[in-house]
Structure formats: structure tokens, C-alpha cells
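2 protein chains.
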Amino acid sequence: MKKVSLKDIAEITGVSTSTVSFILNGKASEMRISEALKKKVLATANKLGYQPNQIAVSLRTGQTKILGLLVEDISNNFFALLAKTIEDEAEKFGYRVVYCSTENDNKKGQALLRMLAQRQVDGFLITPTLGMETDIIKLQLQHKPVVLMDRYFPEVDVPHVLVNNYGGVTSAMQHLIQQGYERIAFITVDLALNQMQEREDAYNDALSKSSTQKTKSKKNILSIDPTASREEKKKLIARFLKNNKPDAVFFATNYLGILGLECLREQKIRIPEELAVVCFDDHDIFRLYIPDISVVQQPVEEMGRRAVHLLMDQLGKNRGAATKNQLRLDATFVPRESTQKI
Amino acid sequence: MKKVSLKDIAEITGVSTSTVSFILNGKASEMRISEALKKKVLATANKLGYQPNQIAVSLRTGQTKILGLLVEDISNNFFALLAKTIEDEAEKFGYRVVYCSTENDNKKGQALLRMLAQRQVDGFLITPTLGMETDIIKLQLQHKPVVLMDRYFPEVDVPHVLVNNYGGVTSAMQHLIQQGYERIAFITVDLALNQMQEREDAYNDALSKSSTQKTKSKKNILSIDPTASREEKKKLIARFLKNNKPDAVFFATNYLGILGLECLREQKIRIPEELAVVCFDDHDIFRLYIPDISVVQQPVEEMGRRAVHLLMDQLGKNRGAATKNQLRLDATFVPRESTQKI
DNA sequence: CTGAAAGCGCTTACAG
DNA sequence: CTGAAAGCGCTTACAG
Chain B
2 MKKVSLKDIA EITGVSTSTV SFILNGKASE MRISEALKKK VLATANKLGY
52 QPNQIAVSLR TGQTKILGLL VEDISNNFFA LLAKTIEDEA EKFGYRVVYC
102 STENDNKKGQ ALLRMLAQRQ VDGFLITPTL GMETDIIKLQ LQHKPVVLMD
152 RYFPEVDVPH VLVNNYGGVT SAMQHLIQQG YERIAFITVD LALNQMQERE
202 DAYNDALSKS STQKTKSKKN ILSIDPTASR EEKKKLIARF LKNNKPDAVF
252 FATNYLGILG LECLREQKIR IPEELAVVCF DDHDIFRLYI PDISVVQQPV
302 EEMGRRAVHL LMDQLGKNRG AATKNQLRLD ATFVPRESTQ KI
Chain V
2 MKKVSLKDIA EITGVSTSTV SFILNGKASE MRISEALKKK VLATANKLGY
52 QPNQIAVSLR TGQTKILGLL VEDISNNFFA LLAKTIEDEA EKFGYRVVYC
102 STENDNKKGQ ALLRMLAQRQ VDGFLITPTL GMETDIIKLQ LQHKPVVLMD
152 RYFPEVDVPH VLVNNYGGVT SAMQHLIQQG YERIAFITVD LALNQMQERE
202 DAYNDALSKS STQKTKSKKN ILSIDPTASR EEKKKLIARF LKNNKPDAVF
252 FATNYLGILG LECLREQKIR IPEELAVVCF DDHDIFRLYI PDISVVQQPV
302 EEMGRRAVHL LMDQLGKNRG AATKNQLRLD ATFVPRESTQ KI
């Protein structure tokens, strides 16, 4: 069973490849090809199980109908859900998606961008790593459609869709303050990503503005070196909790939350009786598995859908679409179950 | 900034495209091209930022260097980790991977296989859905390299790599029986997948063989209709637990485990004091988040690596490789933390 | 109504 | 040592 080509069908039916091509692409009536011929060609194409070679089509038309998606780590829930949403949404517009993981490594990210460009993807969806700025600019210079997600470069004018981290943390902090917590700690990662900065700012601002807190407690931040080992990080968190004895703690990332919970377990600190915990939750992990902690939910799915739309705008496939191409979506604070029920 | 092609470089340096192609593909010395010319061509290619158009290369060479990976749901941890492992392993052989989710829907699976074939992927890695059998056979007839993972069709001779589910459940059961549990329940999904059947068989056999259990308890199985809603499933589990009052329960899938834990929480049944829980764990989720339950760990990463190797064998890229092309890997039983420590 | 021909950007025998 | 030419499998003006 060899691959069957347009030419094969043309030979068998005794017409030219052009005619076959027109018929198979639904342009029979447009080209005023006779019904009889059309039926005959369609029938033999069907019988032989003809599948067009998309490689050839792409080379000829200059379109691959493929979108390149660059995420940090596809095995991470946040990015996996993002990828899936994007895949589904892109499909509605007739596009396929190939995903790649940068592992937060710039060299790898650049290599992947190059690879995607070589494969002639029609557009790029990217959660950029630090320092990927110039690569993004290069893509724009080549007139490649690009949309940034989750992170962005304030100085560069690229369509993007972000999360309102500031708002999410603010709601959570207001809730904690209102509930009477007086020693709220904030554990974050020492990374110069703008979304991390935003989260910290929101924490600081919430405390500054709170009249009850203002007098009683001061800011209580642990900023952890991301290059430290897992065990080192845990040690830092454990020591911090022991020294500062907070009555509530805010973990600024999902991963820190996991580490933190391990520490709390080892120290036999009970949640939420002895310590209230709030964590950024990428994919309802905490909500599903540990209902005793409160979460700030990321609008992952909406982010994915919007990003695809912004890309389609650039590809000219989304008629009557968004006027704004730089979006910021809300993150939702969800108090722990027990709180909700009381 | 237009895309630069081989021809551009040929024109600028004043040689033919053939010469440029040879030089750029490292065949300069083989073709005995002068050093000076080689340097000149390389320099201008570099200056212009030349990137070969892989679409054209693929069309010409008949190789895309892309592998198609078909999984059930990429946003599921098990498949996400599998995909990532495969991606990393394939890269070592110079291959890229495109993933697709079947959502356990045959129609969609077939459409995706067709799409991958049209895109001319060089090989297929598949976790097959029920009834995908004929499609797999078709691929083999077209001499497309295929490897099946996690599931297989006993009647069809296709390279595959599976998990020894029977062994994993057996170890877990032996452990429970040895620890003195007397009313061990088994909650599974009513799906005719061979790996589910294996798990249930192992449960039954373990009980039959156990001398202590033989007299005291009989088999206690709840088999849930997979098409039921989440809430219905939870109700079934809750009723089953209430009626049967097991002292240990074995959830045959990760998802059932999550539902079960929700039920236990709602009924305020304490783990492991009032009920021991064992669950199949796809991706260390339970181990990380809930140390009080025991798990049967799937060898996801090894499965991915082995699958790539089996595919490379077929592509002729893995010299001196496996003689066996149907593998079965062990699943590991990991008792809950507290058990380990005592 | 239908066909011959060019061309997408490469690689690779073949010829000199 | 290097170039002219064919061809991978399509699409699409162009001609009749």
C-alpha cells in the first residue's frame, strides 16, 4: 500500500492534476466542472483513500495552519491546561498547535523559536522567559504574528494577555485582614518577573492601607532564591515560619505552596486552626486536594482563549474582533471550604 | 526583513544553490569544495540569518523528523508527564514530537491520526482508545512505524510497552492483608480496557489466595459506569462505603481516588485511622499532597523512554537495540508515609 | 469546461 | 572542484 497522490488519481480518471485539485478542494462548481466528472474523481479519491500531503500544500501555499506554543513546562498543570484550551480554541479556526517547553531556559527557548520558525508555523503564542525580549522583537520584524501570555515586556509593544495578579492578591489580603488575622506572612520567589513583583506589591499595599494592621504588624516577607534546592527552600520556609510565627501565610506560587505544606506537616502545624494558608493555584490542585486552604485562582482557560483570538486578529481570521490587543484578566480569590460554609 | 533562501545566498556569493546546499549541510569536504568558498558562503549565510525552510526539506527528503503522539488527555498529569518524557527522549534522536488528545473519543482519535498522517509524521506513539484497532492496522499496512503505550490489542501484533498492573495491585494487596486488614474493598471503573481488567483480577486473586481473608471476608467490588456524572459517581461510592463498611479501600484509578477522598471528607471518615486507602497514582499527586494514603506508582517515564526506543528501532535509528518489542514494566507499590516511618 | 506549466525551497544524482 | 537540472506533491494563474 503506497501513498496515493493527486497525480495517481489524475492518471486513473484520465484528467489533469489541476482538475483533480480543483474538485478535491471544493472548487468544482466555481471552475464549472461537470457533475459527472466531479463524481468520478471524488469516487476514486475516496476509494484509494487519498490524503493530501500537507507538506506539499504548505510549501505551495506558504501556510502551515500550525501555531507554535511556547510554555515553560508542559508537564506543569498550569501550562498543560493552558495548552489544551489553546488547542481547542485554535481548532475552531482551523489551526493546529505544537507545544514546546522552554524549562525557563533562554538558550532552549531561543532554539525552540528557531525550530518553530524553520517549520514555518503561522503564528506564535508565548509565555516568555526573562531575556527573550530580543527574540520576540525579531519575530515581529519578520512580521510573524505573536501573542505573549502571563508575562510581558513593559517596554515592548506586543499583543499580550496577562493576569491581574495585583487584584487577586488584594482580595485575598482584604479577606484575611477582615477575618482578623494580624501576622500575615508572604512567601515568594526572588525572581524579577513582573507578575511576581505585582503579587508582592499587592501584599505590601494591602498591609499599608489596612488600619488594623498598620499598628500591630509589619511586613513579613520571605523571598526565596529560585536556584536553591528543594530541600534548601523547605529549610528556609521552616525557619521563617518558626521565627516569625505568623497566623496566616500567603504562598505566592503553587510550587511554594506545596513545599510550605510539607513543612507544616512536618512541624505538625494544623491548617487552618493554627495557621491560615492562602496559595496561588494554577489548576484547582489545592482546591481539589486540600480544601482547608484558600486559593487565588488563575484564569487559565480564559487566558488561552483570548490569546488565540489575539493571534487570529493578526492572521486576519477573526473578523469583527477585539480592538484592544493588550488584555489583563482577573484572578479570583476563593476562600477555603470551611470558611465558605460557616 | 524578508525570509532569506538558499537562492539568495547563492546569488550573493555568486555560486550555485547546489554548492550552497552542500556547504550548509556540512558536505563541503565530502564534495571537495575549497575552504575559501566554504568560509565565504558560511559567513554570508550567517550574516543574513539564514534558516532552512523545513517544509521544503521535508518535501524533498520525505522525512519530517516529527513523531506523532496520541494520548487521551494532555491536561491529565499522567499523559503530560508521558509526553514530556517522550519529547526529551525523542530529541536525543533528532526528532520533534507533536501531541494530540483523543479525549477517549474514537472519532476524534481517527481524525487526529489522519491529520498526523497528512502532516507526514515519521512515526506514531499511541495510547489507543477502544476500537482504534483497525486504524492501527491501517498504519501498519502503510508501513508507518507505530508503538502502543499503556494499552494494547491482544489480537494485533504491534510493538507496545505496558504496565504490569497485575503486579502492582498484587503487592499492594499483599501488604494490606499482611497488615491485617480484613474487609478490603475495590472500587473500579466499568471499562473493558485490559489494564482495568488486570487490576481487578489481581484484587480477586490476592483475596482468593489469602488464607486469612478466605474465611473472613468476600470480594467487595464496586464497578462504576464511566459515563455517569461526577456527582452520581460520588453517590455510588458513598453508598458503597456506607453499606459495606470496609477497613481498607483500593481505588483502581487516580480519578476515582479523588472522588473517593471527597466522599470520605464529607462523611468525616479519617484516613488512615478509620479507613486505609490505596490508589493508583499517575504522577505522584497523592504522594505529594496526601501522604496518608498508599499508592501504586505507574512507571510513566520509563514507559515513555522505552516507547521512543521501540519507535527508533523501526526507524532504524537505534543501533544495537532491543530484541523484544513488546514490553511490560513494573508498577511500584509505595506504602503511606506513616507506615514507612513506623 | 479542462489542461499545460510555473513555482513553493530545498536535495541530490549526474555531468563536466 | 562546481553547476544545471530534475523532482518531492501540491496550487493557481493563464491559455484555450
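Quick mapping for you: the protein sequence lines, in order, are chains B and V.
Residue 2 is where the first sequence starts when you use this note's numbering, and the numbers rise one by one after that.
Residue 2 is where the second sequence starts when you use this note's numbering, and the numbers rise one by one after that.
Backbone N, C-alpha and C fix where the C-beta goes; we use that ideal spot for every residue, glycine too.
Just so it is clear, the structure is predicted and the values come from calculations on it, not from any experiment.
Whole-angstrom C-beta distance between Val5 (chain B) and Val170 (chain B), which should lie under 8 Å: So it is not a contact: roughly 59 Å between Cβ atoms.
Contacts that Val99 (chain B) makes with chain V (C-beta to C-beta distance below 7 Å): Near Val99 (chain B) (Cβ distances below 7 Å), the residues of chain V are Val99.
Using a Cβ-Cβ cutoff of 8 Å, what residues of the segment 52-71 of chain B are near chain V? List them in chain order. Flagged, chain order: Gln52, Pro53, Asn54, Gln55, Ile56, Ala57, Ser59, Leu60, Thr65.
With distances taken from CA atoms, which of B:Tyr96, B:Leu82, B:Val162, B:Asp74 is nearest Asp89 (chain V)? Ranking the options by Cα distance to Asp89 (chain V), first place goes to B:Asp74.
How is Ala229 (chain V) classed by DSSP in three states: helix, strand or coil? Look at Ala229 (chain V) here: in three-state DSSP terms it is coil, with no helix or strand label.
Spell out whether any CB of chain V is found under 8 Å from the CB atom of Pro292 (chain B). By this cut-off, Pro292 (chain B) is an interface position.
Select from B:Asp282, B:Ala332, B:Lys235 the residue whose C-alpha is nearest the C-alpha of Leu265 (chain B). Looking at B:Asp282, B:Ala332, B:Lys235, the one whose alpha-carbon comes closest to that of Leu265 (chain B) is B:Lys235.
Would you call the CB atoms of Val335 (chain B) and Leu83 (chain B) closer than 8 Å? Going by C-beta atoms, Val335 (chain B) is not nearer than 8 Å to Leu83 (chain B).
Inter-stretch contact at 8 Å, needing at least 3 Cβ pairs: the segment 52-61 of chain V / the segment 110-118 of chain V: The segment 52-61 of chain V, when compared against the segment 110-118 of chain V, does not touch it at the 8 Å Cβ threshold.
How big is the Cα-Cα spacing for Gly258 (chain V) and Leu328 (chain V)? Taken atom to atom, the span from the alpha-carbon of Gly258 (chain V) to that of Leu328 (chain V) is near 27 Å.
Where does Gln64 (chain B) sit, in a helix, a strand or coil, going by DSSP? Gln64 (chain B): coil per DSSP, three-state reduction.
For Asn165 (chain B): DSSP bridge partner residues: Per DSSP, B:Asp331.
For Arg271 (chain B) and Glu303 (chain B), what's the separation of their Cα atoms in angstroms? Between Arg271 (chain B) and Glu303 (chain B), the C-alpha separation is close to 35 Å.
Buried or exposed by the 16-neighbour rule on C-beta atoms within 10 Å, applied to Asp106 (chain V): Per the 10 Å Cβ criterion, exposed.
Which residue from V:Thr86, V:Ala91, V:Ile138, V:Met116 puts its Cα closest to that of Lys318 (chain V)? When each option's Cα is compared against that of Lys318 (chain V), the closest is V:Ala91.
Can you pull the chain V residues whose beta carbon is under 8 Å from the beta carbon of Arg307 (chain B), in chain order? Correct list: empty, because the minimum Cβ distance to chain V is about 18 Å.
Runs of 3 residues minimum, wholly inside the segment 244-312 of chain B: which ones carry the beta strand (DSSP E) assignment? Complete beta strand (DSSP E) runs here, min 3: 249-252, 277-282, 295-298.
Hey, quick one: how far does the alpha helix (DSSP H) through Ser211 (chain B) stretch, first residue to last? Element bounds for Ser211 (chain B): n/a, residue is neither H nor E.
Which first and last residues belong to the beta strand (DSSP E) in which Thr189 (chain B) is found? 185-190 is the span of the beta strand (DSSP E), which, as asked, contains Thr189 (chain B).
Skipping 5 residues on each side, what residues in its chain have a beta carbon closer than 8 Å to that of Thr216 (chain V)? For Thr216 (chain V), the predicted structure reports a pLDDT of 43, less than 50, and the residue's modelled location is therefore unreliable. The matter cannot be settled from this model.
One or two residues paired with Gly69 (chain B) in a DSSP bridge: Paired residue(s): B:Val99, B:Phe125.
Using the rule of at least 16 other Cβ atoms within 10 Å of the residue's Cβ for burial, across every protein chain shown, is Ala44 (chain B) buried or exposed? Its Cβ having fewer than 16 others within 10 Å, Ala44 (chain B) is exposed.
Please list the terminal residues of the continuous beta strand (DSSP E) segment that includes Met150 (chain V). For Met150 (chain V), the enclosing beta strand (DSSP E) has its first and last residue at 147-150.
Among residues of its own chain, excluding the 5 on either side of Tyr204 (chain B), which ones have a beta-carbon nearer than 7 Å to its beta-carbon? Val170, Met174, Phe187, Phe251, listed in sequence order.
In whole angstroms, give me the CA-to-CA distance for Lys41 (chain V) and Val21 (chain V). Approximately 10 Å between the Cα atoms of the pair.
Own chain residues within Cβ distance below 7 Å of Pro227 (chain V), not counting five before or after: The answer, listed in chain order, is Val190, Asp191, Leu192.
Does chain V have any CB closer than 8 Å to the CB of Ala84 (chain B)? Chain V, which has a Cβ nearer than 8 Å to the Cβ of Ala84 (chain B), makes this yes.
For Ala345 (chain B), would you say it is in contact with chain V, using Cβ-to-Cβ distances shorter than 8 Å as the test? Residue 345 (chain B) is absent from the model: chain B starts at 2 and stops at 343.
Which same chain residues end up closer than 8 Å to Lys39 (chain B) when comparing Cβ atoms and leaving out the 5 residues on each side of it in sequence? Answer for Lys39 (chain B): Ile24, Ala29, listed in chain order.
Find the nearest neighbour of Val148 (chain V) within the set V:Val278, V:Ile127, V:Tyr51, judged by alpha-carbon distance. For Val148 (chain V), the nearest C-alpha among the options comes from V:Ile127.
Are the CB atoms of Pro160 (chain B) and Leu311 (chain B) within a distance shorter than 8 Å? Closer than 8 Å, so yes.
Would you say Arg200 (chain B) lies against chain V (beta-carbon separation less than 8 Å)? Output row for Arg200 (chain B): interface = no.
Are the C-beta of Ala332 (chain V) and some C-beta of chain B separated by less than 8 Å? Taking 8 Å as the threshold, the shortest C-beta distance from Ala332 (chain V) to chain B does not fall below it.
Neighbour flag for Thr216 (chain V) against chain B, beta carbons, 8 Å: In this predicted model, Thr216 (chain V) has a pLDDT of only 43, less than 50, meaning its place in the structure is not dependable enough to derive any value.
Within a Cβ cutoff of 8 Å, which residues of the same chain sit near Leu330 (chain B), ignoring the five residues on either side of it in sequence? Val162, Leu163, Val164, Asn165, Pro300, Glu303, Met304, Arg307, listed in sequence order.
Strictly by DSSP, which residues pair up with Leu223 (chain V)? As DSSP reads the structure, Leu223 (chain V) sits in a beta bridge with V:Ile188.
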